[in-house]
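One structure is given here, and the rest of the page talks about it.
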Amino acid sequence: MLLDNKQVAIVGGGPAGLALARLLQLKGADVKVYERDIDRNVRVQGATLDLHEGTGLEALKRSGLLDKFYKYHRPVASKMLLVDRMLDIAFDDHNFATITAETRPEIDRAPLRDILLNSLRQDTVVWDSHFISMQRERKGWRLFFKNGSNAYADLVIAADGANSKVRPYLSDVEPVYSGITLIEGNIYNAEKYTPKLFSFARGGKVMAFDDGQFVGYGTKADGSIMFVVNFKTPENWLEQSGINFNNREEVFEWFKKDFASWSDEWHEFFTNDAVCFIPRPQYYFPLNQSWETDESLTLIGDAAHRMPPYAGEGANVALQDSFELAECLTGNQFTDIKEAIAHFEKEMVERGAKATKDTLENSERMFSKTGLAQMTEFFNHVKKQ
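The numbering of the sequence shown is our numbering, which starts it at 592 and goes up by one.
In structure tokens form, the structure reads like this:
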């Protein structure tokens, strides 16, 4: 095997990084995952994931974890309402979602992470390892972490997300601003703090569109809600707005002004002491990006092909990266690691470009003046199939 007597370091313990570690361990590779979280008990934020045939589900199948996935997946999470700014329903998926749940089953990020963590050898994940820098050493790399520790690896795989700190060691291609920024909000014990909106979702998710604006939210099994307020704006909006996103009142005042025509019922997200906000300008990497292959370093997931979340492809493409790279590195198709990585990267960039193109096209529909009508037409068409 190409990885015999090689130490592999995966930077980032998200779904793609953990899935890759699992797949490599199944073939006997020596792998460590360096994760910035202090331990596995840190709360896992982010939206519920819908996994697709051939990509996300295929990664779990190859990992031998599909049965465990279906033990914790949430059919109710597939149930969706499309509404306007006044919460008037244009499309109700609640009688249709059983089919959706079978073809694109959903799971919260926390149980998915637990499934993957529990599949790894006990000492695989090195917690509290916030990557700071690395330098070449022998034919590999010496990695340095915020806690003062360091480690050597013959092969480093960046799985550290959209704002990857490892990517610049391989590629200087800069991301492109999509024209859209979102404000993410997270509320734990949502039934207590946002009872009306929590009840309205009926355990599923809600997507509201109006004149180029989009608010969406979903409930999770732990009783929390994640919501996103999405809008078109110049790239420098964050700096120019002057909003302190740690100040709930400032964020609320902004929402009341910029979403003034929206129902007051949405204010429930902003008038409780439990909410916390994260601004997220949405970027993507150019569809024609390229770099010179390095036999000791490669990228997967958002570190390789970040994209906005408006087509549900990011996590699935990332998980496909995991099993495609594992196959290249542990199969018998290639004569050396550089050839294996070059083959993987060529196909990975093409997959990422296609998913990014689909996402950008979907964004145009969602953020058009007729976004609600277009999305309703789309899901009604799917429902009839």
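Note that the Cβ used here is the ideal one computed from N, Cα and C, for glycine as well.
Three-state class that DSSP yields for V842 in the structure shown | What you label residue 842 is simply residue 251 of the sequence shown in a count that begins at 1. V842: helix per DSSP, three-state reduction.
How about the stretch 817-834 and the stretch 879-898: do they share at least three Cβ pairs that are nearer than 8 Å?
-> No: the two stretches stay apart, fewer than three of their Cβ pairs being nearer than 8 Å.
Taking A744 as part of the beta strand (DSSP E), name the residues at either end of that continuous run.
-> Your numbering for residue 744 matches position 153 in the sequence shown. Where A744 is concerned, the enclosing beta strand (DSSP E) stretches over 741-744.
So what does DSSP say about R956, is it helix, strand or coil?
-> Numbered from 1 along the sequence shown, position 365 holds the residue referred to as residue 956. Of the three classes helix, strand and coil, the one that applies to R956 here is helix, per DSSP.
May I ask you to report which of helix, strand or coil DSSP gives K737?
-> Numbered from 1 along the sequence shown, position 146 holds the residue referred to as residue 737. Residue state, collapsed to three classes: coil.
Is H972 buried or exposed, if buried means 16 or more other CB atoms sit within 10 Å of its CB?
-> As a working mapping, residue 972 is identified with position 381 in the sequence shown. Exposed, because fewer than 16 other Cβ atoms sit within 10 Å of the Cβ of H972.
Measure the Cβ-Cβ separation of A917 and L609 and say whether it is below 8 Å.
-> Position 326 of the sequence shown, counting from 1, holds the residue named residue 917. Position 18 of the sequence shown, counting from 1, holds the residue named residue 609. Cβ atoms of A917 and L609: not closer than 8 Å.
Compare the beta carbon distance of A909 and A607 with 8 Å and say whether it is the shorter of the two.
-> For the purposes of this step, residue 909 is taken as the residue at position 318 of the sequence shown. For the purposes of this step, residue 607 is taken as the residue at position 16 of the sequence shown. Yes; because the gap between Cβ atoms is below 8 Å, this pair is in contact.
Residue from E626, F843, R733 whose Cα sits closest to the Cα of T715 | Working through the sequence shown from its first residue, we reach residue 715 at position 124. Nearest of E626, F843, R733 to T715, Cα basis: E626.
What three-state label does DSSP hand S669 in the structure shown?
-> Sequence index remark: in the sequence shown, residue 669 carries index 78 (1-based). If DSSP states are grouped into helix, strand and coil, S669 belongs with the helices.
Could you name the residues that DSSP lists as bridge partners for K796?
-> Taking the first residue of the sequence shown as 1, we reach residue 796 at position 205. BP columns for K796 point to M671, G809.
Closest to N754 by CA distance: which of P899, N780, N632 is it?
-> Mapped onto the sequence shown, residue 754 falls at position 163. Checked all of P899, N780, N632; the closest Cα to N754 is P899.
For D802 and N827, the rounded distance between their alpha carbons = Taking the first residue of the sequence shown as position 1, residue 827 is located at position 236. Taking the first residue of the sequence shown as position 1, residue 802 is located at position 211. Approximately 22 Å, taken between the alpha carbons.
What number of angstroms, rounded off, separates the C-alpha of R653 from the C-alpha of F914?
-> Here residue 653 refers to the residue found at position 62 when the sequence shown is read from its first residue. Here residue 914 refers to the residue found at position 323 when the sequence shown is read from its first residue. So the two alpha carbons sit approximately 8 Å from each other.
Measure the alpha-carbon distance for K730 versus L678 and round it to whole angstroms.
-> Here residue 730 corresponds to residue number 139 of the sequence shown, with the count starting at 1. Here residue 678 corresponds to residue number 87 of the sequence shown, with the count starting at 1. Using only the alpha carbons, I get a separation of about 58 Å.
Using the rule of at least 16 other Cβ atoms within 10 Å of the residue's Cβ for burial, across every protein chain shown, is P696 buried or exposed?
-> Along the sequence shown, one-based indexing puts residue 696 at 105. P696 counts as buried, since no fewer than 16 other beta carbons sit within 10 angstroms of its beta carbon.
In three-state terms, what does DSSP make of G776?
-> Stepping through the sequence shown from its first residue, residue 776 is reached at position 185. G776: strand per DSSP, three-state reduction.
Identify whether T889 lies in helix, strand or coil by the three-state DSSP scheme.
-> Taking the sequence shown and counting its residues from 1, the one referred to as residue 889 is at position 298. Strand, per DSSP.
Among all the DSSP beta bridges, which residues are the ones paired with I601?
-> Counted from its first residue, the sequence shown places residue 601 at position 10. Partner(s): V624, I748.
State the DSSP-derived secondary structure class of Q965, mapped to helix, strand or coil.
-> As a first step, residue 965 is located in the sequence shown; it is residue number 374 there, counting from the start. Note: Q965 maps to helix in three-state DSSP.
Where V757 and R839 are concerned, what is the direct C-alpha to C-alpha distance, given to the nearest angstrom?
-> The count along the sequence shown starts at 1 and reaches residue 757 at position 166. The count along the sequence shown starts at 1 and reaches residue 839 at position 248. In a straight line, the C-alpha of V757 is about 33 Å away from that of R839.
Please go through the same chain and pick out, in chain order, the residues whose beta-carbon is closer than 7 Å to the beta-carbon of Q965, but skip the five residues on each side of it.
-> Sequence index remark: in the sequence shown, residue 965 carries index 374 (1-based). Same-chain partners within the cutoff: R956, S959.
From what residue to what residue does the alpha helix (DSSP H) around Y784 run?
-> The sequence position of residue 784 within the sequence shown is 193, counting from 1. From DSSP, the alpha helix (DSSP H) with Y784 extends over 781-784.
Which class does D763 belong to by DSSP, given the choice of helix, strand or coil?
-> Translated into the one-based positions of the sequence shown, residue 763 becomes position 172. In the three-state reduction of the DSSP assignment, D763 falls in the coil class.
Going by the CB atoms, is the gap between L920 and A979 shorter than 8 Å?
-> The requested residue 979 is not part of the displayed model; the chain covers only 592 to 976.
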